[in-house]
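Structure first, then comments.
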Amino acid sequence: MPPSLPYFLPAGNCTTKPSSKHRSRPISTCAPARPHRHVPPRRPRHHPLPRRRQLERHADRGGPPQQDNARVLELHALHQPDHLQHFVTWCYRPTHPIGQRGSIGIAFAVLYTIGLGLTVVVLNKHGKLHLPVEKRFYPIGRRWQWYWALVACATAIVSLFTSIDVDRYFLPELPIILTSFFWYMMQMGAMALVWEAARHWGSWMERQYIDPDPFRLAQDDRRAILELWVPIFYYFWWWLNFFLIIPRNWGQIERQRYPEQIILDAIPAATDGRFKAASFCLVVCWLITFFYLRHSIKHYCPRNEGLFNKAVGLIRFIPWRFYILLFIAAAIPSYQALVAWEFAWSPLNVDGLHAAIFIGGYVPTLLLVYIQIVYGFITPNEDLELKRQRRIRGAGLDAELGIAPKPSWWRGVRRAAEGGGPTERMQDRIARNVREVQGSKPKPTAARNADALATTSEAPPPSATDAVEMGSLPSRPLPQQTADLLGPISPGDFGTARAIANRYDGLGERTRSERVMQHATTLLFSNSTQDASAAARRREELMIDGPPPYAETLPPYVERNSRPNALDREMSANSTTGSINSPPQQIRSMLDV
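Using the UniProt record's numbering, you'd call the opening residue of the sequence shown number 1 and step up by one each time.
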């Protein structure tokens, strides 16, 4: 027998450890046989069943290897430079080259990796905020569909890369469990991706519907309650699918080492009632997704009357991408139910049909991810789209009111007219707005420079007549005002008095009577003119600005650093000497009053 071919020997010179689970561990290399001494093989105690692959490998050698108490170990002869042969005894290791399942898995893993990177780009595009966050629509709601796409891609990549060792292992072990475990996780992520896409589309329709009028829809009606409980009901069935599949004894799936073990252990474990019930849970999730689409169209799209018109409206208002998503998503629970009854097409089968495994198991999720990526690239960010719709509505309202938009050069002309130039800084604009609030009109640049020079120069000392805080009010003598209003009237001129009295026909009766009485008194009594002149002079004296006549009798104002007592505070409250002697206060705004 050539030393390069694998052959089977009972545990003679090799040290082995018996195991109740028929699992081998690394065994030290066997020592070469001595030529001068022949050691006959000893009969082992245990007699396990032969392995399926061992039987197939040694069918051309005249039958199966010797069945005895020891484990049947594959021994590969390794030629060394010292012409000695070292035998490695280990069955659960990847000794075979990459098979067809591993090659197809690598190609699909590359596609899923590209989809993972593109999903991150689309998430960055649609996850950004360009408007303030509203309590009714949280930013996390629009990102969930992309999060689930990332989960589906990540689990698919792990499942596909671990499927490489399914064909390379001499005896099935951990790789078939890992690829099956992450394949089911990928299926759950794909269904959650479709659900979140449908749920967010309804939320986006609601946001556009209430944006013109936030009070158009109530937040406590039947519609809002349904939108609260439907996601909870969906994820109840989604988690039920998770708990029916994931928490189990996966060790039975790897027991596919010979036909009798496959029939007794692997097939019953891969087609039990829990796998069948889990596929039914995904069917319920698909139906809930379709129901939520119909609910969104009913409340946020134009309504149709009649059963036929409602059906036509449902078909009309469903977006094109949801026709594809729902059709592809229906293949996920269908294939999961198929493999729960037919083990030959299942990804849990080591020698399963590769076309069924990859077309039914990995292609639907890959299509869902790439359809979402295409949709994310061709549609704008929702905040930017909402701002565009608001601009369109504003332009329509302006057109209804007859408001024409200003040209682009209008802002520069207006800024120049207000005193600012095209290079005006934000600080200059703020200063100009402050001056407008204080009451002064904006001035050109030359006027502002002149004002700055005037304010830096020393202010003139106050005069004796300007000793009070407020400036003097412009006034004229009362007789002059009366003459301007009534005109010159001489004693005995009744015609002029009658003509002047007729000027006040539009006044009240009481005012008219007083004016007529005043004119009559002027005509009848000549000394009334002197009385009026004396009264006018008295009013003029009272209106003259200046200190009162008793200012010389008060003590001079003394600056005090310490806090005055109660008597001093009372005297200061009743005295105006400090206000008279102090320079006038310049009021800049209403806050200084």
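Backbone N, C-alpha and C define an ideal beta-carbon position, used for all residues, glycine too. Note that this is a predicted model, so its numbers are computed, not measured.
Requested in this report: Label T162 either buried or exposed according to how many other C-beta atoms from any shown protein chain fall within 10 Å of its C-beta, with 16 as the threshold for buried.
Outcome: Position 162 of the sequence shown, counting from 1, holds the residue named residue 162. For T162, the number of other beta carbons within 10 angstroms of its own is at least 16, and it is reported as buried.
Query raised in the report: So is the beta-carbon of A218 under 7 Å away from any non-hydrogen atom of the ligand ADP?
Result: In the structure shown, the ligand ADP is absent, as is every other ligand, since no ligand is present at all.
Query - Secondary structure of P407, DSSP reduced to three states - result: Against the sequence shown, residue 407 aligns to sequence position 407. Reduced to three states, the DSSP call for P407 is coil.
Query raised in the report: Does DSSP classify Y362 as helix, strand or coil?
Result: What you label residue 362 is simply residue 362 of the sequence shown in a count that begins at 1. Correct three-state label for Y362: coil.
Query raised in the report: What residue from G360, F291, I378 has the CA that sits closest to H126's CA?
Result: As a working note, residue 126 is residue 126 in the sequence shown. For the residues G360, F291, I378, the minimum Cα distance to H126 belongs to I378.
Requested in this report: Return the residue from the list P132, G115, R142 that minimises the CA-CA distance to A154.
Outcome: By one-based count along the sequence shown, residue 154 stands at place 154. Distances from the alpha-carbon of A154 to those of P132, G115, R142 put G115 closest.
Requested in this report: Report yes if the CB atom of G352 is closer than 8 Å to the CB atom of Y335, and no otherwise.
Outcome: What you label residue 352 is simply residue 352 of the sequence shown in a count that begins at 1. What you label residue 335 is simply residue 335 of the sequence shown in a count that begins at 1. No, the Cβ-Cβ distance between G352 and Y335 is not below 8 Å.
Query raised in the report: Beta carbon of I324, beta carbon of I297: below 8 Å?
Result: Position 324 of the sequence shown holds residue 324. Position 297 of the sequence shown holds residue 297. Taking the C-beta atoms as reference points, I297 is found no nearer than 8 Å to I324.
Query raised in the report: Between the beta-carbon of V350 and the beta-carbon of I104, is there less than 8 Å?
Result: Here residue 350 refers to the residue found at position 350 of the sequence shown. Here residue 104 refers to the residue found at position 104 of the sequence shown. For the 8 Å CB-CB criterion, V350 and I104 do not form a contact.
Report task. Helix, strand or coil for P231, going by three-state DSSP, please let me know. Result -> Translated into positions along the sequence shown, residue 231 becomes position 231. Here P231 sits in helix by DSSP.
Query raised in the report: Is the beta carbon of residue 600 sitting closer than 8 Å to the one on C285?
Result: The displayed coordinates of the chain run from 1 to 593. Any statement about residue 600 would go beyond what the structure contains.
Query - N-terminal and C-terminal residue of the alpha helix (DSSP H) that residue 612 is part of - result: As shown, the chain starts at 1 and ends at 593. That puts residue 612 outside it, with no answer to give.
Query raised in the report: Since Y169 sits in a beta bridge, which residues does DSSP pair it with?
Result: Within the sequence shown, residue 169 is the residue found at index 169, counting from 1. Paired residue(s): P94.
Query - When Y235, Y300, A404, Y184 are compared against E206, the one with the closest alpha-carbon - result: As a first step, residue 206 is located in the sequence shown; it is residue number 206 there, counting from the start. Selected option, being the one with the closest Cα: Y300.
Requested in this report: Measure the beta-carbon distance from W250 to F170 and round it to whole angstroms, keeping in mind my assumption that it falls under 8 Å.
Outcome: For this step, residue 250 is matched to residue 250 along the sequence shown. For this step, residue 170 is matched to residue 170 along the sequence shown. 20 Å between Cβ atoms; not a contact.
Query raised in the report: In terms of residue numbering, what span does the alpha helix (DSSP H) encompassing R142 cover?
Result: For the purposes of this step, residue 142 is taken as the residue at position 142 of the sequence shown. Element bounds for R142: 139 to 162.
Requested in this report: Would you grab the beta carbon distance between A190 and I332 for me? Rounded to a whole angstrom, and I think it's under 8 Å.
Outcome: By 1-based counting over the sequence shown, the position of residue 190 is 190. By 1-based counting over the sequence shown, the position of residue 332 is 332. Contact holds; Cβ gap of about 6 Å.
Report task. With DSSP as the reference, label A269 as helix, strand or coil. Result -> What you label residue 269 is simply residue 269 of the sequence shown in a count that begins at 1. Assigned with DSSP and collapsed to three states, A269 falls in helix.
Query raised in the report: Would you call M517 buried or exposed, if buried means 16 or more other Cβ atoms sit within 10 Å of its Cβ?
Result: The sequence position of residue 517 within the sequence shown is 517, counting from 1. Exposed is the label assigned to M517, since fewer than 16 other Cβ atoms lie within 10 Å of its Cβ.
Query raised in the report: Can you list, in chain order, the residues of its chain whose CB lies under 7 Å from that of F137, leaving out five sequence neighbours each side?
Result: The residue labelled residue 137 in the question sits at position 137 within the sequence shown. Result list for F137: S203, R207, in chain order.
Query raised in the report: To which residues of the same chain is Y375 closer than 6 Å at the C-beta, ignoring the five residues directly before and after it?
Result: Residue 375 sits at position 375 when you count from the first residue of the sequence shown. Apart from the 5 residues on each side of it in sequence, Y375 sits with its Cβ closer than 6 Å to the Cβ of R321 in its chain, given in chain order.
Requested in this report: Assuming W229 and A192 form a contact by the criterion Cβ under 8 Å, report the distance between their Cβ atoms to the nearest whole angstrom.
Outcome: Counted from its first residue, the sequence shown places residue 229 at position 229. Counted from its first residue, the sequence shown places residue 192 at position 192. The pair is not a contact, with the Cβ atoms about 18 Å apart (cut-off 8 Å).
Query - Whole runs of the alpha helix (DSSP H) within the region 286 to 340, excluding any shorter than 4 residues - result: Counting only runs of 4 or more, we get 307 to 317, 320 to 329.
Query raised in the report: For the putative contact between R248 and R274, defined by C-beta atoms under 8 Å, what is the C-beta separation to the nearest angstrom?
Result: Position 248 of the sequence shown, counted from the start, is the residue given in the question as residue 248. Position 274 of the sequence shown, counted from the start, is the residue given in the question as residue 274. With a Cβ gap of about 7 Å, R248 and R274 count as contacting.
Query - P259 (DSSP reduced to helix, strand or coil) - result: Here residue 259 refers to the residue found at position 259 of the sequence shown. Residue state, collapsed to three classes: helix.
Query raised in the report: Can the beta-carbon of L326 be found closer than 8 Å to that of F290?
Result: Within the sequence shown, numbered from 1, the residue matching residue 326 stands at position 326. Within the sequence shown, numbered from 1, the residue matching residue 290 stands at position 290. A contact, by the Cβ cut-off of 8 Å.
Report task. Compare the beta carbon distance of residue 596 and F233 with 8 Å and say whether it is the shorter of the two. Result -> The question about residue 596 has no answer here: the residues shown for the chain are numbered 1 through 593.
**Report entry** Straight-line Cα distance separating S346 from P268
**Finding:** For the purposes of this step, residue 268 is taken as residue 268 along the sequence shown, with counting starting at 1. For the purposes of this step, residue 346 is taken as residue 346 along the sequence shown, with counting starting at 1. Using only the alpha carbons, I get a separation of about 13 Å.
Query raised in the report: Less than 8 Å separating the beta-carbons of T271 and W341?
Result: The residue given as residue 271 occupies position 271 in the sequence shown. The residue given as residue 341 occupies position 341 in the sequence shown. Their beta carbons are under 8 Å apart, which means T271 touches W341 by this criterion.
Query raised in the report: Should G394 go down as buried or exposed, given a rule of 16 or more other Cβ atoms within 10 Å for buried?
Result: If you number the sequence shown from 1, residue 394 lands on position 394. Around the C-beta of G394, fewer than 16 other C-beta atoms lie within 10 Å, and the residue is accordingly described as exposed.
Report task. Could you check if E514 is buried or exposed, using at least 16 other CB atoms within 10 Å of its CB as the buried criterion? Result -> Against the sequence shown, residue 514 aligns to sequence position 514. Result: exposed.
Query raised in the report: Can you tell which of T521, P364, L217, V437 has the C-alpha that lies nearest to the C-alpha of M188?
Result: For the purposes of this step, residue 188 is identified with residue 188 of the sequence shown, where counting begins at 1. Ranking the options by Cα distance to M188, first place goes to P364.
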